[in-house]
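**Q** For the sequence shown, the tail end lands on 579 under the numbering used here, and the numbers increase by one without skipping.
Built from N, CA and C at the ideal position, the CB exists for glycine as well.
Predicted model, so just to flag it, every value in this text is computed and none were measured.
Before we start, here is the structure in question, set down as structure tokens.
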Amino acid sequence: MSYQVLARKYRPQKFSEVIGQEHVTRTLKNAIEQGRTAHGYIFSGHRGIGKTTVARILAMALNCRTSEKPVSEPCGVCDSCTEIRAGNSVDVIEIDAATNRGIDEIRELREATRYRPARDRFKIYILDEAHQITDAAFNALLKTLEEPPGHVVFMLATTAPEDIPQTIRSRCQHFSFRAVKFDQIVAQLKDLCGRENIPADEDALAMLAEAGDGSVRDALSILDQAIASSEGRLNAESVRQLIGIAPAGVLEEIMGAVARSSSQEILQMVDRLLTEGQNPVHFARQLLRFLRNSIVAKVAG
Ligand SMILES: [Zn+2]
Numbered sequence: 279m280s281y282q283v284l285a286r287k288y289r290p291q292k293f294s295e296v297i298g299q300e301h302v303t304r305t306l307k308n309a310i311e312q313g314r315t316a317h318g319y320i321f322s323g324h325r326g327i328g329k330t331t332v333a334r335i336l337a338m339a340l341n342c343r344t345s346e347k348p349v350s351e352p353c354g355v356c357d358s359c360t361e362i363r364a365g366n367s368v369d370v371i372e373i374d375a376a377t378n379r380g381i382d383e384i385r386e387l388r389e390a391t392r393y394r395p396a397r398d399r400f401k402i403y404i405l406d407e408a409h410q411i412t413d414a415a416f417n418a419l420l421k422t423l424e425e426p427p428g429h430v431v432f433m434l435a436t437t438a439p440e441d442i443p444q445t446i447r448s449r450c451q452h453f454s455f456r457a458v459k460f461d462q463i464v465a466q467l468k469d470l471c472g473r474e475n476i477p478a479d480e481d482a483l484a485m486l487a488e489a490g491d492g493s494v495r496d497a498l499s500i501l502d503q504a505i506a507s508s509e510g511r512l513n514a515e516s517v518r519q520l521i522g523i524a525p526a527g528v529l530e531e532i533m534g535a536v537a538r539s540s541s542q543e544i545l546q547m548v549d550r551l552l553t554e555g556q557n558p559v560h561f562a563r564q565l566l567r568f569l570r571n572s573i574v575a576k577v578a579g
């Protein structure tokens, strides 16, 4: 079997497996248990923190065939669940709004919503990157959202909810996803390394989590690279080289130069880091975290 990237292999299949978004998953489960599901949802937040994953799990929960009505946790093994997971369910349609954003596509979609689901309980449209939809197309969608057929559910995933017209937003339940906490990402990486039988040092995992910057998907994709490039154990040094993280001492040196107001020193140090192949974005994040930790340490004594 070909190598499957970790983010895909371990993509959560149940609400309980989603990390860092308990405020969303709990509310959705409660709503299903109380029979109070909506016809329009907006899932917003950074990239790679589980918006589309949660949309798919919700789709499974709504259409799962283990019960006469939606279930608060999908079974994962019935036809509906497995088809949704594989992305080939007839009644759950995923649309990349970045490329299908125009009035014609949305009109077509609106026409299709008139027909009953082919087999399952609901006809579900998951619109990824929904903020990319044009205003005219949103207008066309609005009519459907104002009087949605009982069998239709829209789920809009977006990194920029403010770009979705207010008229649409007010007709949807809006869930804001949070950046996943550093500790939770570290725990997740540790768990997956365990399952993959890959020995990993704690500080190596911490670096990977930091590089992910709140995104589980990004952290896992860097872990994929780290596994591919390492021989045996994942250690801090090999991860540092892979993602271009500066050694801790450099951060202190740079802040020392800032304290001395020495632009020249700072520029020289940054120049050296870039020449050594450090990633400037990672470095900026690292510096921020270092400053934050220093301030916390100072305030907390
Ligand atoms: Zn099922």
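Does the distance from the C-beta atom of Gly354 to that of Phe455 stay below 8 Å?
**A** Not in contact: Gly354 and Phe455 (Cβ atoms no closer than 8 Å).
**Q** Should Ile476 and Leu420 be called a contact, given that it needs their Cβ atoms to be closer than 8 Å?
**A** Result no, Cβ atoms of Ile476 and Leu420 do not sit closer than 8 Å.
**Q** Spatial neighbours of Arg385 within its chain, please: CB distance less than 6 Å, with the 5 preceding and 5 following residues excluded, ordered by chain position.
**A** Within the same chain, Arg385 has close Cβ partners Ala418.
**Q** Can you pull every residue whose C-beta falls closer than 7 Å to some heavy atom of ligand 1, listed in chain order?
**A** Chain-ordered list of matching residues: Met338, Cys342, Arg343, Thr344, Pro352, Cys353, Gly354, Val355, Cys356, Ser358 and Cys359.
**Q** Hey, Val517 and Ala526: beta-carbon distance below 8 Å or not?
**A** Result no, Cβ atoms of Val517 and Ala526 do not sit closer than 8 Å.
**Q** When you compare only the Cα positions, how much space is there between Ile442 and Ala408?
**A** Using only the alpha carbons, I get a separation of about 8 Å.
**Q** Identify whether Gln462 lies in helix, strand or coil by the three-state DSSP scheme.
**A** Looking at Gln462 - three-state DSSP - the assignment turns out to be helix.
**Q** For Pro558, which residues in the same chain have their Cβ closer than 7 Å to its Cβ, ignoring the five residues on either side in sequence?
**A** Within the same chain, Pro558 has close Cβ partners Leu552.
**Q** Check for me: the beta strand (DSSP E) holding Gln451 runs from which residue to which?
**A** Taken as a continuous stretch (DSSP letters only), the beta strand (DSSP E) holding Gln451 covers Gln451 to Ser454.
**Q** Across the segment 338 to 349 and the segment 305 to 314, are there enough close Cβ pairs to call them in contact, namely three or more that are closer than 8 Å?
**A** Yes, the segment 338 to 349 touches the segment 305 to 314.
**Q** Quick check: His560 and Ala482, are their CB atoms within less than 8 Å of each other?
**A** No, the pair does not count as a contact, with Cβ atoms beyond the cut-off.
**Q** Exposed or buried, which one is Asp382 when buried takes at least 16 other CB atoms within 10 Å?
**A** So Asp382 ends up on the exposed side.
**Q** At which residues does the alpha helix (DSSP H) containing Asp382 begin and terminate?
**A** Where Asp382 is concerned, the enclosing alpha helix (DSSP H) stretches over Ile381 to Ala390.
**Q** Taking contact to mean at least 3 C-beta pairs separated by less than 8 Å, is the segment 456 to 465 in contact with the segment 427 to 436?
**A** Touching, no.
**Q** Starting from Glu311, follow the alpha helix (DSSP H) in both directions and report where the run begins and ends.
**A** Glu300 to Glu311 is the span of the alpha helix (DSSP H), which, as asked, contains Glu311.
**Q** May I have a chain-ordered list of the alpha helix (DSSP H) segments no shorter than 4 residues that lie completely inside the segment 495 to 534?
**A** The qualifying runs are 514 to 521.
**Q** So who's on the other strand from Ile435, going by DSSP bridges?
**A** Here residue 435 turns out to be Ala, not Ile, going by the sequence shown. Note: Ala435 sits in a beta bridge opposite Phe321.
**Q** Exposed or buried, what is Asp369 when buried is set at 16 or more other beta-carbons lying within 10 Å of its beta-carbon?
**A** It counts as buried.
**Q** Locate the beta strand (DSSP E) running through Ile402, then write down its first and last residues.
**A** Where Ile402 is concerned, the enclosing beta strand (DSSP E) stretches over Lys401 to Asp406.
**Q** Ser367: buried (16+ other C-beta within 10 angstroms of its C-beta) or exposed?
**A** Result: buried.
**Q** Is the beta carbon of Gln564 closer than 8 Å to that of Ile523?
**A** Result yes, Cβ atoms of Ile523 and Gln564 sit closer than 8 Å.
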